[in-house]
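A short write-up of the structure that comes next.
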Amino acid sequence: MKTIIKKIDKTQKDTDIIAEAGRILKEGGLVAFPTETVYGLGADALNEDAAKKIYAAKGRPSDNPLIVHIANMEALDKITTSIPAAAKVVADAYWPGPLTMIFDKSEAVPLGTTGGLDTVAVRMPSHEIAREVIEAGGGYIAAPSANTSGRPSPTTAQHVEEDMNGKIDMIVDGGMVDIGVESTILDMTVTPPMILRPGAITREMLEELIGEVSVDKTLINPDSKKAPKAPGMKYRHYAPKAELTIVEGAIQEVVEEINRLTKEKMEAGCKVGIIGTEETIGQYVAGDVKSIGTRENEATIASHLYGILREFDNDGVDYIYSEAFATAGIGSAIMNRLLKAAGHHVIHMESDT
Ligand code: TXA
Ligand code: MG
368 MKTIIKKIDK TQKDTDIIAE AGRILKEGGL VAFPTETVYG LGADALNEDA AKKIYAAKGR
428 PSDNPLIVHI ANMEALDKIT TSIPAAAKVV ADAYWPGPLT MIFDKSEAVP LGTTGGLDTV
488 AVRMPSHEIA REVIEAGGGY IAAPSANTSG RPSPTTAQHV EEDMNGKIDM IVDGGMVDIG
548 VESTILDMTV TPPMILRPGA ITREMLEELI GEVSVDKTLI NPDSKKAPKA PGMKYRHYAP
608 KAELTIVEGA IQEVVEEINR LTKEKMEAGC KVGIIGTEET IGQYVAGDVK SIGTRENEAT
668 IASHLYGILR EFDNDGVDYI YSEAFATAGI GSAIMNRLLK AAGHHVIHME SDT
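Letter by letter, the sequence shown follows residues 368 to 720 of this note's numbering.
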């Protein structure tokens, strides 16, 4: 299959490209497009055969359900059986935006889209191009992140091309995404509502609106024997090819430890990558050092996380050492993804102060 790749300008909309994407989707094809979180791999969510193609292109296990993307609130009725009052409050505040809500599904949604579940995950993205592609494609677009299963999610069209070239019909290139980590997933079918995946919309932001919100315990306790409630969260995800270790503690000790580990691995003939920040990169003495962003603005760290993991894949490093980050705000999403990428391999530095 030849993949059509089309660049599109957010400000100067190209209606021909959107129309072409819409036609492919309506015919049951696959189109990757930008959203504010990560690039999505879209298919008609109400067409079981189209949704199945997503699993094949990604190499994704078929029990891992897809998120249905909509472009307006009216679209929600057709795919759900009931919408809790609290969901309307949340939608008012955070849709369109980086938030997915789970509802009981209606007959309109095939089980092939929901991985056999009676519930459906729904998101209304804020990205202009995403919204236009959804509308042009018929209003209900299933879209997982547009990466090969197990690789870091794509934050640029080039990342999508690396994984999907020749496997999908079209890539709409809208440049680098804004947020860089996937949407918050909030299960509205349980009381109190439960966060199944942390994202840019935080627990604090949701609790301020609707009161108590719980968090899937398996996200906090990696040793839990229970499976996470979002099927996709159980897979080894976001993983670079190299062995990634997070070093946590007082920053000066962290830098020293990473320098020590890097020296040790390099002396043994290995290639080492280091994930530092604007504040620390000058202090690393060896290895392939990259700045992920600045601690003064955690959003910069979120937006570079997946891109950096892919760069290290391309550089062919054997080991990656990363600093740890604060877990407030978007930080909980950053550390959730980083810990998964590291297979929860963390070194704690004991401070003697
Ligand atoms: O930001 C995002 O949400 C991106 C963009 C493209 O919109 N999409 C995304 O999709 O991250 P994906 O497929 O990579 O992740 C969807 C997650 C998986 O962990 C899946 O198991 C979970 O959502 N999920 C989907 N439907 C569900 C359901 N009915 N119940 C529980 N978890 C569900
Ligand atoms: Mg994904």
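Ideal Cβ positions, reconstructed from N, Cα and C, are used throughout, including at glycine. Note that the structure is predicted; figures quoted are calculated from it, not measured.
Where does residue 600 sit, in a helix, a strand or coil, going by DSSP?
helix
Three-state secondary structure (DSSP) of residue 536:
coil
For residue 528, I'd like the list of residues in its chain whose CB is within less than 8 Å of its CB, leaving aside the five on either flank, ordered along the chain.
370, 372 and 538
Residue range of the unbroken alpha helix (DSSP H) whose run includes residue 399:
Element bounds for residue 399: not the alpha helix (DSSP H) but the beta strand (DSSP E), 398–400.
Cutoff 6 Å; reference residue 480; Cβ partners in own chain excluding five residues on either side
412, 418, 433 and 509
Look up residue 643 in the DSSP assignment and give the residues it is bridged to.
658
Please work out which residues of its chain come closer than 7 Å, Cβ to Cβ, to residue 677, disregarding the five sequence neighbours upstream and downstream, and give them in chain order.
519 and 526
For residue 692 and residue 390, the rounded distance between their alpha carbons:
43 Å
Going by beta carbon distance, what residues of the same chain come within less than 8 Å of residue 580, once the five residues before and after it are set aside?
553, 559, 560, 561, 562, 570, 573 and 574
Residue 405 and residue 542 look like a contact to me (Cβ under 8 Å); what is the Cβ gap, rounded to whole Å?
With 8 Å as the limit, residue 405 and residue 542 do not qualify as a contact, their Cβ atoms being about 13 Å apart.
Between residue 690 and the ligand MG, is the CB less than 7 Å from at least one heavy atom?
no
When you compare only the Cα positions, how much space is there between residue 710 and residue 459?
36 Å
Taking only runs that begin and end inside the region 549–628, name each unbroken alpha helix (DSSP H) of 4 or more residues, in chain order.
570–577 and 584–587
CB-CB under 6 Å to residue 638, same chain, minus the five flanking residues each way: which ones, in chain order?
684 and 685
In angstroms with no decimal places, state the Cα-to-Cα distance between residue 507 and residue 468.
15 Å
Opening and closing residue of the alpha helix (DSSP H) in which residue 382 lies:
382–393
Across the region 431–448 and the region 612–620, are there enough close Cβ pairs to call them in contact, namely three or more that are closer than 8 Å?
no
Is residue 327 near the ligand MG, going by C-beta to nearest heavy atom under 7 Å?
Past the edges of the chain, shown from 368 to 720, lies residue 327, and the structure says nothing about it.
Cα separation between residue 517 and residue 708?
10 Å
Residue 632 to residue 473, Cα distance in whole Å?
55 Å
So, using beta-carbon positions, are residue 501 and residue 436 closer together than 8 Å?
yes
Between the C-alpha atoms of residue 616 and residue 661, what's the straight-line distance to the nearest angstrom?
17 Å
Quick check on the DSSP output: the alpha helix (DSSP H) that includes residue 705 runs from which residue to which?
698–708
Alpha helix (DSSP H) containing residue 673: first to last residue?
665–682
So, using beta-carbon positions, are residue 407 and residue 392 closer together than 8 Å?
no
Does the ligand MG have a heavy atom nearer than 7 Å to the CB of residue 549?
yes
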